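In this note's numbering, the protein residues as written are 717 to 1031.
Here it is as structure tokens:
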């Protein structure tokens, strides 16, 4: 398939592997890029020197395009951006912040910039900042999410109608049929996160991967909106959050409960009780751990088969 997204990134398939914290190191990103999609390194869980090392290892592991996902609220953002330029990264996905702050600077360094949004309002702001494309992420997504709770299938056509730059759909997409559905609604590509958590190359702890496989419908919930909205598996930590909400907590109370390195404890170290376990609603459809190569083949084959089936439908 050739379209605006494959052309923009120089990839075979219009699929982006999301740059997830504690899951998306150089192994996952390079395996994704080698499979014909765009791999992203998740900078949000990396100190600057660690990010530099992952970029260098990724460059040695693939000769295909890859990028870095950067949450704009990162405390060492200036150092992170400088490393990206110094190491010759050509694609940056930004999230969790104002894209106008860094997009012009990145563009001056000939870097393709994509920003993640959860509403039409922020999609328009991202377009005005000069980004090359937008990821429109619906309520179903794991990790940090929008407060509006707009679902992917509602958000995508609204964003596509509002902007003139390419739109990448995200949130609740892990299959070829889901990809076809999103593109039917106007998206020119998809960003997939949760499915790649349950891959052999993901840096997530095996216990977390297994928990994803065991998840059923209703196993996750969007919470902590007063801080940064995040979708969590319902473990002990999640139940502690719910109990705290019953006391009408302040933002400071929520911060104190969350503490530091809660996501690392859960997803990277495998503490399924006290850790923050970020995953999307689509986890209910994930039932096996595969290599990235096989996941991509599965998605592409299902997309092609579903496309053929749809051609035979008439009203």
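We put the beta carbon where it would ideally sit given N, CA and C, even for glycine. No experiment lies behind these values; they were computed from the predicted model shown.
| Excluding the five sequence neighbours on either side, which residues of its own chain have a C-beta within less than 8 angstroms of the C-beta of residue 955, listed in chain order? | Within the chain shown, the letter at position 239 stands for residue 955. Answer for residue 955: no residue qualifies.
| message | Using C-beta distances below 8 angstroms, list every residue in its chain close to residue 1017, excluding the 5 sequence neighbours before and after it, in chain order. | response | Stepping through the chain shown from its first residue, residue 1017 is reached at position 301. 892, listed in sequence order.
| query | When you compare each of 926, 870 and 976 to residue 900 by their alpha carbons, which one comes out closest? | reply | Start at 1 with the first residue of the chain shown, and residue 900 comes out as number 184. Nearest C-alpha to residue 900: 870.
| query | Anyone know if the C-beta pair for residue 825 and residue 801 falls short of 9 angstroms? | reply | In the chain shown, counting from the first residue as 1, residue 825 sits at position 109. In the chain shown, counting from the first residue as 1, residue 801 sits at position 85. Residue 801 is positioned such that its CB atom lies closer than 9 angstroms to that of residue 825.
| request: Report the option in 1013, 840, 929 and 964 whose CA atom is closest to the CA atom of residue 949. | output: As a first step, residue 949 is located in the chain shown; it is residue number 233 there, counting from the start. Its Cα nearest to that of residue 949, the residue 929 stands out among 1013, 840, 929 and 964.
| With 16 as the cutoff for other CB atoms within 10 Å, does residue 798 come out buried or exposed? | Here residue 798 refers to the residue found at position 82 of the chain shown. Flag for residue 798 reads exposed.
| Is the Cβ-Cβ distance between residue 732 and residue 906 less than 9 angstroms? | Start at 1 with the first residue of the chain shown, and residue 732 comes out as number 16. Start at 1 with the first residue of the chain shown, and residue 906 comes out as number 190. Yes, these two residues count as a Cβ contact at 9 angstroms.
| Inter-residue CB distance, residue 931 and residue 886 (contact presumed, cutoff 8 angstroms) | Locating residue 931 in the chain shown gives position 215, where the first residue counts as 1. Locating residue 886 in the chain shown gives position 170, where the first residue counts as 1. The C-beta distance from residue 931 to residue 886 rounds to 19 angstroms, too long to fall under 8 angstroms, and the pair is not in contact.
| message | Would residue 738 and residue 923 qualify as a contact pair, given that the criterion is a beta-carbon distance under 9 angstroms? | response | To locate residue 738, count along the chain shown from 1; it is residue 22. To locate residue 923, count along the chain shown from 1; it is residue 207. For residue 738 and residue 923, no; Cβs fall outside 9 angstroms.
| Looking only at its own chain, which residues have a Cβ that is under 8 angstroms from the Cβ of residue 1004, when we skip the five neighbours before and after it? | As a working mapping, residue 1004 is identified with position 288 in the chain shown. The beta carbon of residue 1004 sits closer than 8 angstroms to those of 914 and 929, all from its chain and outside the five residues before and after it, given in chain order.
| field | First through last residue of the beta strand (DSSP E) which encompasses residue 852 | value | The sequence position of residue 852 within the chain shown is 136, counting from 1. It spans 849 to 853 - the beta strand (DSSP E) in which residue 852 sits, taken as one unbroken run.
| In chain order, what residues of the same chain have a beta carbon less than 8 angstroms from the beta carbon of residue 925, not counting five sequence neighbours either side? | The sequence position of residue 925 within the chain shown is 209, counting from 1. For residue 925, where only same-chain residues beyond five positions count, the Cβ hits under 8 angstroms are 913, 914, 918 and 1005.
| field | Completely contained alpha helix (DSSP H) runs for the stretch 921 to 956, where each covers 4 or more residues | value | The stretch 921 to 956 contains these whole alpha helix (DSSP H) runs: 922 to 930.
| query | Once you ignore the five residues that flank residue 810 on each side, which residues in its own chain have a CB closer than 6 angstroms to its CB? | reply | Taking the first residue of the chain shown as 1, we reach residue 810 at position 94. Only 786, 788 and 831 meet the Cβ criterion.
| said: In this structure, how does DSSP classify residue 885 when only helix, strand and coil are distinguished? | reply: Residue numbering aside, residue 885 sits at position 169 when the chain shown is read from its first letter. In this structure, residue 885 counts as strand in the three-state DSSP scheme.
| task | For my contact list, residue 848 and residue 724 are in at a C-beta cut-off of 8 angstroms; report their separation, rounded to the angstrom. | result | As a first step, residue 848 is located in the chain shown; it is residue number 132 there, counting from the start. As a first step, residue 724 is located in the chain shown; it is residue number 8 there, counting from the start. Residue 848 to residue 724, Cβ: 6 angstroms. Contact.
| said: Below 8 angstroms on the Cβ atoms is my contact criterion, and I expect residue 904 with residue 791 to pass it. Report the Cβ-Cβ distance as a whole number of Å. | reply: Looking up residue 904 in the chain shown gives position 188. Looking up residue 791 in the chain shown gives position 75. In fact, because the Cβ distance is near 34 angstroms, the residues do not count as touching under 8 angstroms.
| task | Compare the C-alpha of residue 951 against each of 965, 935 and 942 and name the closest. | result | For the purposes of this step, residue 951 is identified with residue 235 of the chain shown, where counting begins at 1. Comparing Cα-Cα distances from residue 951 to each of 965, 935 and 942, the minimum goes to 935.
| For residue 1012, the first and last residue of its enclosing alpha helix (DSSP H) | Start at 1 with the first residue of the chain shown, and residue 1012 comes out as number 296. Element bounds for residue 1012: 1008 to 1027.
| message | Which residue wins for smallest C-alpha separation from residue 987, given the options 974, 959, 953 and 784? | response | For the purposes of this step, residue 987 is taken as the residue at position 271 of the chain shown. For residue 987, the nearest C-alpha among the options comes from 953.
| Is it right to say residue 743 is buried, meaning 16 or more other beta carbons lie within 10 angstroms of its own, or is it exposed? | Reading the chain shown from its first residue, position 27 is the one you call residue 743. Its Cβ being crowded by 16 or more others within 10 Å, residue 743 is buried.
| request: Would you identify the three-state DSSP class for residue 835, choosing helix, strand or coil? | output: Within the chain shown, residue 835 is the residue found at index 119, counting from 1. Under the three-state reduction of DSSP, residue 835 is assigned to coil, being neither helix nor strand.
| DSSP state of residue 908, grouped into three classes? | Translated into positions along the chain shown, residue 908 becomes position 192. The answer is strand: DSSP assigns residue 908 an E or B state.
| Of the choices 941, 910 and 804, whose alpha-carbon is the least far from that of residue 993? | Along the chain shown, one-based indexing puts residue 993 at 277. Residue 910 is the option with its Cα nearest to residue 993.
| task | Go through its chain and collect everything with a Cβ distance to residue 872's Cβ below 8 angstroms, but skip five positions before and after it. | result | One-based indexing of the chain shown puts residue 872 at position 156. Excluding positions up to five away in sequence, the list reads 852, 854, 883, 885, 898, 901, 902 and 903.
| said: Determine whether the beta carbon atoms of residue 735 and residue 781 lie at a separation below 9 angstroms. | reply: As a first step, residue 735 is located in the chain shown; it is residue number 19 there, counting from the start. As a first step, residue 781 is located in the chain shown; it is residue number 65 there, counting from the start. Not in contact: residue 735 and residue 781 (Cβ atoms no closer than 9 angstroms).
| task | Would you mind sorting residue 997 into buried or exposed? The rule is 16 or more other CB atoms within 10 Å of its CB. | result | In the chain shown, the residue the question calls residue 997 occupies position 281. Per the 10 Å Cβ criterion, buried.
| Quick one: is residue 1012 buried, meaning 16 or more other Cβ sit within 10 Å of its Cβ, or exposed? | Within the chain shown, numbered from 1, the residue matching residue 1012 stands at position 296. Buried, by the Cβ-count rule.
| message | Once the 5 residues before and after residue 989 are set aside, which same chain residues still bring their CB inside 8 angstroms of it? | response | For the purposes of this step, residue 989 is taken as residue 273 along the chain shown, with counting starting at 1. Excluding residues within five positions, the ones whose Cβ falls inside 8 angstroms are 951, 952 and 953.
| Roughly how many angstroms lie between the CA atoms of residue 972 and residue 960, to the nearest whole one? | Numbered from its first residue, the chain shown carries residue 972 at position 256. Numbered from its first residue, the chain shown carries residue 960 at position 244. Across the structure, residue 972 and residue 960 are spaced so that their CA atoms are roughly 11 angstroms apart.
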